[in-house]
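Numbering (the working numbering), first residue to last: 145 to 417.
Yeah, the Cβ is synthetic: ideal placement off N, Cα and C, and Gly gets one too.
All figures in this text were calculated on a predicted structure; none of them were measured in a lab.
What follows is a set of notes on a single structure, which appears directly below.
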């Protein structure tokens, strides 16, 4: 029997976070069944009409920021979920480039607590559901989800991505994702969806990523194959099957991340979104 010690409604965010840290028996408990059940009860499995999900060893946060900036400049109403936070928990959720007040987060936690029943959730799962609930309330055009760990069994993967992105592959979290790049690539490619674009920014892509794309029927878009870019001292050029963009100003973020974001946006635009 699970005993629920719910914080009082007026508890500050810090009290809720302390509660969440001790709610589940494991800090990390990869799997989608529990969090999917609660998400279905909350009605947040489709948080916006269009969703980007971003996985990868390095460059996830920068790619998310780049997508966010370009989409907002184009007039879209955008939400971003990222982790971990550096200073404040509220950094994890942005709507139109702004953090939400603590009261919004505590309201979302109360909704999740009511919906979950006797289902136990990790801190990250709870936070992911909170972000999805907040995005649904905000009535956004686009949501950008940054994967927390791996991809296939990460809580963000309860949402079907319209465009999935893998920024890079290197050895990370080998205890959870596997001992080599091939194993890790397979886990990160778990965010791919059937007949949806799957953008890969890793120039030396493990073969397992192509295997997963084929198994799922995803539309693989590889750097150096389906899309590419070149850089000079003054500008850069991006090209893919949809055309070429020339004389682009040099970005303030790492070039591979900017190019990966453009590849994803090109697929969004090609789909009429």
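{"Asked": "Coarse secondary structure for residue 147, derived from DSSP in three states", "Found": "Because residue 147 sits at a pLDDT of 47, beneath the cut-off of 50, its placement in the model cannot be relied upon, and the point is left open."}
{"Asked": "Cβ neighbours of residue 191 in the same chain (closer than 6 Å, five flanking residues each side left out)", "Found": "276, 279, 280, 287"}
{"Asked": "Beta bridge counterpart(s) of residue 173 as assigned by DSSP", "Found": "Per DSSP, none; premise fails for residue 173."}
{"Asked": "Beta-carbon proximity list for residue 409, same chain, < 8 Å, skipping 5 on both sides", "Found": "211, 214, 215"}
{"Asked": "Residue 284 beta carbon less than 8 Å from that of residue 222", "Found": "yes"}
{"Asked": "Span of the alpha helix (DSSP H) around residue 270", "Found": "267–282"}
{"Asked": "Residue from 369, 345, 326, 298 whose Cα sits closest to the Cα of residue 309", "Found": "345"}
{"Asked": "Distance between residue 173 and residue 366 (C-alpha atoms, nearest Å)", "Found": "31 Å"}
{"Asked": "Three-pair Cβ contact test at 8 Å for the stretch 177–187 versus the stretch 262–273", "Found": "yes"}
{"Asked": "The stretch 226–243 in contact with the stretch 312–330 per 3-pair CB rule at 8 Å", "Found": "no"}
{"Asked": "Residue(s) in a DSSP beta bridge with residue 388", "Found": "383"}
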